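Reading through the structure tokens given below for one structure.
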Amino acid sequence: MLSMTSHNLEFGRSGLDFVACGCSSNASYLVRNSSKGVLRRVKYEFGARKWLCFRRDFGSCRVVSTKTPEAFVNENPVLMSAAEQIFSAGGKRMRPALVFLVSRATAEFVGLKELTKEHRRLAEIIEMIHTASLIHDDVLDESDMRRGQETVHQLYGTRVAVLAGDFMFAQSSWYLANLENLEVIKLISQVIKDFASGEIKQASSLFDCDVELDEYLIKSYYKTASLIAASTKGAAIFSGVDSDVCEHMYQYGKNLGLSFQVVDDILDFTQSAEQLGKPAGSDLSKGNLTAPVIFALEKVPRLRDIIESEFCETGSLDEAIELVKSCGGIERAQNLAKEKADLAIKSLQCLPQSAFRLALEGMVKYNLERID
Ligand code: IPE
Ligand code: IPE
Ligand code: MG
Ligand code: MG
């Protein structure tokens with residue numbers, strides 16, 4: 036079915052190595068290397084913006100276990116083609132990497148020698164759900180670029196994009212059900228509901244200068260952190276560790292997810308479309324008031340007038356962006372991202388020291404380095 040042809044992928048213009056995350060059954064890379072080496076490698080890979088190789092057997096993580104979805108795909112070549120389009124565009128594959136790292140870190144905890152097929156399938160399902168959410172998000176945000184390429188709705192039209200996203204949500208739910216773990220099924224089903232809540236929350240507060248930081252964080256939880264938290268907790272559940280460890284892994288994913296969204300919102304102000312592989316500077320122009328703006332509104336009353344006029348005057352959007360940058364909005368958002376990152380790292384304390392735990396810390400630090 037949906038094949039994540041991921042032999043060489045970019046990590047949002049830099050790369051992520053799945054072998055280093057332990058996705059393979061003989062994922063020896065981390066085991067062979069010292070903890071320090073692992074962290075160095077995580078940093079090097081992310082920082083140096085290198086192309087990286089994925090294991091070929093993961094690269095072919097095809098989901099071909101039953102007839103029903105296959106038959107559906109054959110009957111729906113347009114949806115298949117739309118799905119292939121966005122998968123083959125790459126993406127960082129951060130969520131499956133987290134699934135593998137938590138799987139490894141927690142498997143070690145209970146003396147589990149190898150990852151299970153459930154761990155691997157969970158990683159595939161999570162990336163499928165994430166990608167479906169991006170297709171829908173791009174429709175709502177009217178974005179024309181994703182992962183450095185034209186978006187699905189731009190290429191195939193809105194109707195196909197909506198259906199392709201639905202199709203991928205449905206497919207992932209079907210594979211999820213086949214894992215036959217009620218706790219994980221409930222956990223991930225909630226995430227799909229949360230996406231809708233997050234998008235509705237965002238759409239209903241566009242250009243609303245009274246939006247508070249707490250509301251922004253709740254929306255960010257729904258849109259982003261919920262899936263990452265479910266990924267990391269789900270991986271721990273499949274390792275069979277105690278429920279308190281599963282809960283810590285949930286908190287790790289949640290706070291990393293919040294930090295990740297704050298960083299993404301800062302990058303929207305500070306990076307170019309070329310660097311991001313998606314439109315830059317678009318949140319504010321569409322009325323999506325993110326952390327840097329919420330902080331800036333506290334300092335610069337004039338910003339409210341400009342935003343509430345929905346940038347009707349020529350040059351007012353540029354003026355607003357400059358005000359956000361010059362009044363310390365970005366710096367305060369950076370501090371917020373760091374605060375959440377610290378909480379994520381704290382949650383890892385329940386794990387035994389290992390190369391995988393260090394790599395999980397490395398993921399949090401890497402995310403912050405994107406805004407240094
Ligand atoms: C984009 O997620 C959506 C956000 C949560 C900000 P990613 O930045 O992980 O997107 P890809 O998968 O690498 O393209
Ligand atoms: C996250 O929010 C999107 C989803 C989790 C679906 P954004 O709207 O900030 O994501 P980008 O910037 O379009 O990738
Ligand atoms: Mg978006
Ligand atoms: Mg964004």
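The sequence shown begins at 36 in this note's numbering and counts up by one.
Note that the Cβ used here is the ideal one computed from N, Cα and C, for glycine as well.
Bear in mind that the values here come from a model prediction, so they are computed numbers and not experimental data.
What distance in whole Å lies between the Cβ atoms of residue 271 and residue 280, which are believed to be in contact at a cut-off of 8 Å?
Working through the sequence shown from its first residue, we reach residue 280 at position 245. Working through the sequence shown from its first residue, we reach residue 271 at position 236. So it is a contact: roughly 6 Å between Cβ atoms.
Three-pair Cβ contact test at 8 Å for the stretch 110–123 versus the stretch 358–369:
No: fewer than three Cβ pairs fall under 8 Å.
Helix, strand or coil at residue 181 [DSSP, three-state]:
Within the sequence shown, the letter at position 146 stands for residue 181. Three-state DSSP puts residue 181 in a strand.
Return yes when at least one heavy atom of ligand 2 lies under 6 Å from the C-beta of residue 201, else no.
Here residue 201 refers to the residue found at position 166 of the sequence shown. No, since every heavy atom of ligand 2 falls outside the 6 Å radius drawn around the Cβ of residue 201.
Taking its Cβ as the centre, do 16 or more other Cβ atoms sit within 10 Å of residue 385, making it buried, or is it exposed?
Walking along the sequence shown from the start, residue 385 turns up at place 350. Counting Cβ neighbours within 10 Å, residue 385 comes out buried, since at least 16 surround it.
How long is the line joining the alpha carbons of residue 267 and residue 284, rounded to whole angstroms?
In the sequence shown, residue 267 corresponds to position 232, counting from 1. In the sequence shown, residue 284 corresponds to position 249, counting from 1. Rounded to the nearest angstrom, the two C-alpha atoms are 6 Å apart.
To the nearest angstrom, report how far apart residue 214 and residue 273 are at their CA atoms.
Position 179 of the sequence shown, counted from the first residue, corresponds to residue 214. Position 238 of the sequence shown, counted from the first residue, corresponds to residue 273. So the two alpha carbons sit approximately 10 Å from each other.
Would you check whether ligand 2 has a heavy atom nearer than 6 Å to the C-beta of residue 340?
Position 305 of the sequence shown, counted from the start, is the residue given in the question as residue 340. Look at residue 340: its beta carbon is at least 6 Å from all of the heavy atoms in ligand 2.
Can you grab the Cα-Cα spacing for the pair residue 117 / residue 260, in whole Å?
Residue numbering aside, residue 117 sits at position 82 when the sequence shown is read from its first letter. Residue numbering aside, residue 260 sits at position 225 when the sequence shown is read from its first letter. Cα to Cα, residue 117 sits roughly 26 Å from residue 260.
Of the residues 223, 275 and 299, which one's Cα is nearest the Cα of residue 255?
Here residue 255 refers to the residue found at position 220 of the sequence shown. Closest by alpha carbon: 299.
Using only the alpha-carbon positions, how far apart do residue 187 and residue 200 sit?
Your numbering for residue 187 matches position 152 in the sequence shown. Your numbering for residue 200 matches position 165 in the sequence shown. Spanning the two alpha carbons is a distance of roughly 10 Å.
Do residue 162 and residue 130 have their beta-carbon atoms positioned less than 7 Å apart in this structure?
Within the sequence shown, numbered from 1, the residue matching residue 130 stands at position 95. Within the sequence shown, numbered from 1, the residue matching residue 162 stands at position 127. Yes, these two residues count as a Cβ contact at 7 Å.
The alpha helix (DSSP H) spanning residue 122 covers which residue range?
Taking the sequence shown and counting its residues from 1, one reaches residue 122 at position 87. Run containing residue 122: 112–123, per the alpha helix (DSSP H) assignment.
State yes or no: is the C-beta of residue 26 within less than 7 Å of the C-beta of residue 226?
Because the chain is modelled from 36 through 407, residue 26 falls outside the range shown and cannot be assessed.
Within the stretch 247–271, ranges of the beta strand (DSSP E) (whole runs, at least 3 residues)
none
Count the other CB atoms within 10 Å of the CB of residue 234; is the residue buried (16 or more) or exposed (fewer)?
One-based indexing of the sequence shown puts residue 234 at position 199. Residue 234 is buried by the Cβ-count criterion.
Would you grab the beta carbon distance between residue 301 and residue 365 for me? Rounded to a whole angstrom, and I think it's under 8 Å.
Residue 301 sits at position 266 when you count from the first residue of the sequence shown. Residue 365 sits at position 330 when you count from the first residue of the sequence shown. Residue 301 to residue 365, Cβ: 6 Å. Contact.
Check residue 388 in the structure and name its three-state DSSP category.
Counting from 1 along the sequence shown, the entry for residue 388 is found at position 353. Correct three-state label for residue 388: coil.
With C-beta atoms as the reference, is residue 391 less than 7 Å away from residue 136?
For the purposes of this step, residue 391 is taken as residue 356 along the sequence shown, with counting starting at 1. For the purposes of this step, residue 136 is taken as residue 101 along the sequence shown, with counting starting at 1. Against a cut-off of 7 Å, the Cβ pair of residue 136 and residue 391 comes out as a contact.
Quick check: the Cα distance between residue 341 and residue 355, rounded to an integer number of angstroms?
Locating residue 341 in the sequence shown gives position 306, where the first residue counts as 1. Locating residue 355 in the sequence shown gives position 320, where the first residue counts as 1. When rounded, the distance between both Cα atoms is 7 Å.
Tell me whether residue 402 sits in a helix, a strand or coil according to DSSP, three-state version.
Residue numbering aside, residue 402 sits at position 367 when the sequence shown is read from its first letter. Reduced to three states, the DSSP call for residue 402 is helix.
For residue 128, report the span of its alpha helix (DSSP H) as first-last.
Taking the first residue of the sequence shown as 1, we reach residue 128 at position 93. From DSSP, residue 128 is part of no alpha helix (DSSP H); its letter is neither H nor E.
Looking at the structure shown, is residue 305 part of a helix, part of a strand, or coil, going by DSSP?
Residue numbering aside, residue 305 sits at position 270 when the sequence shown is read from its first letter. DSSP, read as helix, strand or coil, puts residue 305 in helix.
Neighbourhood of residue 277 by C-beta, 8 Å cutoff - its chain only, sequence neighbours within 5 removed:
For the purposes of this step, residue 277 is identified with residue 242 of the sequence shown, where counting begins at 1. Within the same chain, residue 277 has no close Cβ partners at all.
In this structure, does DSSP put residue 233 in helix, strand or coil?
Within the sequence shown, residue 233 is the residue found at index 198, counting from 1. When secondary structure is reduced to three states using DSSP, residue 233 falls in the helix class.
Check residue 362 in the structure and name its three-state DSSP category.
Along the sequence shown, read from residue 1 onward, the residue named residue 362 stands at position 327. Here residue 362 sits in coil by DSSP.
For residue 321, does the three-state DSSP call read helix, strand or coil?
Translated into the one-based positions of the sequence shown, residue 321 becomes position 286. Coil.
Residue 251 beta carbon less than 7 Å from that of residue 229:
By one-based count along the sequence shown, residue 229 stands at place 194. By one-based count along the sequence shown, residue 251 stands at place 216. No. Outside cutoff.
Quick check: the Cα distance between residue 339 and residue 377, rounded to an integer number of angstroms?
Counted from its first residue, the sequence shown places residue 339 at position 304. Counted from its first residue, the sequence shown places residue 377 at position 342. Distance between the alpha carbons of residue 339 and residue 377 is about 32 Å.
CA-CA distance, residue 305 and residue 296?
Within the sequence shown, numbered from 1, the residue matching residue 305 stands at position 270. Within the sequence shown, numbered from 1, the residue matching residue 296 stands at position 261. Approximately 14 Å between the Cα atoms of the pair.
Return the chain-ordered list of same chain residues with a C-beta closer than 7 Å to the C-beta of residue 156, the five sequence neighbours on each side being excluded.
Here the question's residue 156 lines up with position 121 in the sequence shown. Sequence-distant partners of residue 156 (beyond 5 residues in either direction) whose C-beta falls short of 7 Å from its own C-beta, in its chain, are 210 and 214.
How long is the line joining the alpha carbons of residue 9 and residue 315, rounded to whole angstroms?
Look at the range of the chain in this structure, 36 to 407, and you will see that residue 9 is not part of it.
Is the closest heavy atom of ligand 2 to the C-beta of residue 320 under 6 Å?
As a working note, residue 320 is residue 285 in the sequence shown. For ligand 2, not one heavy atom lies less than 6 Å from the Cβ of residue 320.
Cβ shell of residue 381 (< 7 Å), same chain only, five flanking positions each side left out:
One-based indexing of the sequence shown puts residue 381 at position 346. Excluding residues within five positions, none has a Cβ falling inside 7 Å.
Proximity test, Cβ basis, 7 Å: residue 153 and chain D:
This model lacks chain D altogether; it includes just one protein chain.
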